[in-house]
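Structure first, commentary second.
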Amino acid sequence: MKVLKFGGTSVGSAKNILKVITIIKNISQDSDVVVVVSAVGGITDKLLNAANKAVIKDRSYKELFKQIQLIHLDIIEDLIPSEIKSAEVKKMINKRLDTLEKLLEGIYLINELSPKTTDKLLSNGEQMSSFIISEAMKLHGINAELKNSQELVVTDTNYTNATVNFNATNKNIKQYFETHNNSVTLLPGFISKSENGEITTLGRGGSDYTAAIIASALDAKELQIWTDVSGMFTTNPKLVKQAKPISHISYQEAVELSHFGAKVLYPPTVQPVLDKKIPIVIKNTLKPDDFGTYITNSYSNGTTSAVKGISNINDIALLTLQGNGMVGIPGFSKRLFETLSQEKINVILITQASSEHSICIGIQESDAETARAAVNKTFENEISLHKIDPINIEKGLAIVAVVGDRMKNHQGISGRMFSTLGKNNVNIRAIAQGASERNISTVISKKDVKKALNVLHERFFETKTKQLNLFITGVGNVGERLVEQIKQQKKYIKERLKLNLRVVGLSNSRKMILDDDAIDLKNWKALLENGEAASIEGFFEGAKNMNLRNSVFVDVTANHDVANSYANYLRESIGVIACNKIACSSDFDNYNLLKRLSVKYNAPFLFETNVGAGLPVIDTLNHLVASGDEIHSIQAVLSGSLNFVFNNFDNSKKFHDVVKLAQNEGYTEPDPRIDLSGVDVARKILILARESGTEMNLEDITNQSFLSVSGLASNSVDEFYKTLLEDDAHYQSLYNSAAKNNYQLKYVAEFNDGKAKVGIKEIPEGHPFYNLEGKDNIVMFYTKRYPEQPMIIKGAGAGAEVTASGLFADIIRIANS
Ligand code: ADP
Ligand code: ASP
Ligand code: MG
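With the first letter of the sequence shown counted as 1, position 232 gets the number 232 in full-length UniProt numbering; the numbers rise by one all the way through.
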């Protein structure tokens, strides 16, 4: 004999009911079966909602009633083709619907909804579904006997969550099945009756329990729970995409997981079958061939993983009782728990520090105010004497628990759990670990649950792949290259580096898109065009609210306001990668603040492309400093534009024409003064000086400009060009002075003994700067370990493709950190 329970989704449509019938047909070929069914999916919630509306005189309960009516009549219509038969079944169901409607009207009129009436109302869901299904089974050749489980399952009168009287119930079940030996028996789950015949229910999700009670009473060979997922998963599959079904799990593990939120199994279900060692199998009605989960007595089944699953309960409140008067005096906890028990408040989690100064209890948020009133009343006297404080209640919380029988044999699980949460900026409010060491629970903010489940899942079950979530702003020339490079490399990076790169936010100056499920990069331009209006604040809020793990903001703009938003990102533990030089060359205090926030919130702040585009200049410098080297001097050519100008300038040309050419070929900013004045180079050496450990501002850098006096004083680009023509002799003399010794002119940035300067220099043949081509940059580090022969980094220092690859390298650095 096997007991099969089908949940709400499994009987949620005619199509699914037909699947259920096929499954029953197959199994009943080799075994007698008892089938327990839930209400049609969503009906119990709808009934409750309707009642909750009716009781507050909200007429829209009628809408819900109509939906309930329609759902059932539609299923009958689709399931039962014969018109006569269909009409017959509809007639029966309409009768029930009539009583249901009257009940709701009554609630509306008298303005009252007792738990007793709630049970009366809810029981209709299972009554209707079981009737419809039994008729459909008959039509498909299964001669199923429909038995009302209310005549078998006897409970107390704790309405909505009644306690089963096992003596009476087991006797009834045995007696019934001894006298009825049908090969298929069908019963509604969830519903029961009290000893004096009142309708009761077994608690939300209670159909699982009904099935377990029957399986135990009949010594069934197996209890099968058929649902809408392929087993008990490593964590809630609706919140973590990477969750996987657990093939084997022990009863105790299943109990822990279900207690802590794995809704797939109603927690009391395990107890009745555990005593008899009846295996529970969780199967997917929609994919019956999937293996599912076997819940049995043995826990190992060859697996070595200590953590079996991670679960969560939302809507938790933390209740804290504290005060000096509690220390060393027995009886406080007893009174506290007695009070909660009298109010029928379920205690989900308890922690007490050994100082006994406070005791902390996790309860359902909906019980919080009742608990507050009751506990404050119980301790009225002590509170008035200031021995203890009035109870403190914190809401908006959730519990996340890791579960596994073998955790007790493994060290460091809690350490890994807490450090993973901490690293991802999930604040832990309370911790509890059962003495069995089968469960470690943390109380965290509800808003962090999805992130916490995902990072813990990644930590304990997906050690191989890490996810990185990118918010890229500024998809112009360089940004576009970056997105294309990510698109191209995604597969390789996933396979080789075990890194799942997801672009979840994109913005340019006009539009932005944010997508939790990752933006489809094949189509990103069109998606962005159809996005919402861009805003710096909106993009940040979006990233913050998504609250994804390993989030990184990438700034590929040159915008001041975007640079000013970095601190916001870092404070949310979102890493920042800046191509934009503004932040790092801004006031030292601001640079320093960003550095400190990065450490405090464990959020990387990288800006390799600020100097030398894709060249690994800052990374190399950081490594030198971190390994204990000392930077004595940095000599560098850091401007591709100035290089181009001086490489093309000789006394056969006017300086003016060479600058014009550089501008026309895109080597300078639209305003060439930005490059020619040396400010851009000064910013770069400033950043290198700071990264070497020197506190410095832009004003501290000596800028020996080579421009003529009138060139420096010019007020517009046109005026500037005019001065270049007028002062050509000045520029020619710079060239001639160098040329007469066969020297080359280079615009050099220097950092020596804590001081920095930028300016033009005559470079002799043989010097590493002499043969610098095109837009190449070069940086030489003279250090304690490289005193005479410097460490040299050289290569293209500008260009969209190399700059994008420099950003990409920063992304990989974050992933590896
Ligand atoms: P039924 O109506 O069949 O009783 P439930 O909705 O009660 O189904 O339970 C199945 C649901 O439980 C799944 O759809 C899933 O969203 C949720 N769930 C939560 N945690 C887990 C988990 N660890 N494994 C499987 N399902 C889970
Ligand atoms: N229909 C009930 C509920 O939704 C019982 C069940 O489905 O297990 O809670
Ligand atoms: Mg269920």
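For every residue, glycine included, the Cβ atom is placed at its ideal position computed from N, Cα and C. Keep in mind it's a predicted model, so treat the numbers as computed, not measured.
| Asked | Found |
| --- | --- |
| Boundaries of the alpha helix (DSSP H) in which methionine 512 is found, first to last residue | That residue, methionine 512, is in no alpha helix (DSSP H); its beta strand (DSSP E) goes 511-514. |
| Within 8 Å, strictly: CB atoms of valine 504 and aspartate 520 | no |
| Uninterrupted alpha helix (DSSP H) stretches inside the stretch 534-585 (no shorter than 4 residues) | 536-546, 560-563 and 566-571 |
| Option in Glu765, Thr378 and Ala729 with minimal Cα separation from asparagine 742 | Glu765 |
| Which listed residue (Phe260, Pro267 and Ala144) has its alpha carbon closest to that of asparagine 161 | Pro267 |
| Among Asp448, Ala756, Ile93 and Val681, nearest to serine 573 - alpha-carbon criterion | Asp448 |
| Meets three-Cβ-pair contact criterion under 8 Å: the stretch 399-411 and the stretch 308-318 | yes |
| Inter-residue Cα distance where the pair is proline 272 and asparagine 172 | 16 Å |
| Three-state secondary structure (DSSP) of glycine 302 | Residue placement at glycine 302 cannot be trusted, given a pLDDT of 49 that sits under 50; what the coordinates show is reported in the next sentence. It is coil, neither helix nor strand. |
| Continuous alpha helix (DSSP H) stretch holding valine 617: start and end | 617-626 |
| Cβ-based burial, asparagine 301 [other Cβ within 10 Å; buried from 16] | Per-residue confidence for asparagine 301 stands at a pLDDT of 49, beneath the threshold of 50, marking its modelled position as unreliable; no derived number is given. |
| Assigned secondary structure, arginine 438 (DSSP; H/G/I helix, E/B strand, else coil) | coil |
| Nearest-angstrom Cα separation, counted from glycine 754 out to histidine 410 | 52 Å |
| Glutamate 484 - DSSP class collapsed to helix/strand/coil | helix |
| Proximity below 8 Å, CB of glycine 666 to CB of valine 556 | no |
| Distance cut-off 7 Å: threonine 227 Cβ against heavy atoms of the ligand ADP | yes |
| Which of helix, strand or coil DSSP assigns to arginine 429 | strand |
| DSSP three-state assignment for methionine 1, whether helix, strand or coil | coil |
| Distance cut-off 7 Å: asparagine 439 Cβ against heavy atoms of the ligand ADP | no |
| First through last residue of the alpha helix (DSSP H) which encompasses asparagine 648 | 640-648 |
| Buried or exposed by the 16-neighbour rule on C-beta atoms within 10 Å, applied to proline 390 | exposed |
| Distance between beta carbons of phenylalanine 553 and alanine 543, contact taken as under 8 Å | 6 Å |
| Stretch pair the stretch 523-542 + the stretch 456-464: three plus CB contacts closer than 8 Å | no |
| Meets three-Cβ-pair contact criterion under 8 Å: the stretch 115-122 and the stretch 22-37 | no |
| Length of the line joining the Cα atoms of cysteine 212 and asparagine 284 | Position check: residue 212 holds alanine in this sequence, whereas cysteine was assumed. Roughly 18 Å separates the two Cα atoms. |
| Rounded straight-line distance, which links the Cα of glycine 575 to that of aspartate 208 | 45 Å |
| Assumed close pair isoleucine 363, leucine 336 - CB separation to whole angstroms, cut-off 8 Å | At roughly 11 Å, the Cβ-Cβ gap does not stay under 8 Å, so isoleucine 363 and leucine 336 are not in contact. |
| C-alpha gap between aspartate 561 and isoleucine 536, whole angstroms | 8 Å |
| Endpoints, the beta strand (DSSP E) within which methionine 326 is located | Careful: methionine 326 lies outside any beta strand (DSSP E) and carries neither H nor E. |
| Asparagine 170, buried or exposed, once every other Cβ within 10 Å from all chains shown has been counted against 16 | buried |
| Contact belief for glycine 444 with leucine 397 at Cβ below 8 Å, rounded distance in angstroms | According to the sequence provided, residue 444 is isoleucine. The question's glycine does not apply to it. Their Cβ separation, rounded to whole angstroms, is 7 Å, which keeps isoleucine 444 and leucine 397 in contact under 8 Å. |
| Contact with chain B by glycine 8, beta-carbon distance below 8 Å | Included in the structure is just one protein chain, with no chain B present. |
| Residue from Thr442, Arg673 and Leu349 whose Cα sits closest to the Cα of glycine 415 | Thr442 |
| Contacting residues, own chain, Cβ-Cβ under 6 Å from valine 802 (five flanking each side not counted) | Ala613, Gly614 and Ala796 |
| One or two residues paired with aspartate 32 in a DSSP bridge | Looking at the DSSP assignment, aspartate 32 forms no beta bridge with any residue, so it has no partner. |
| Histidine 180 and methionine 128 closer than 8 Å at C-beta | no |
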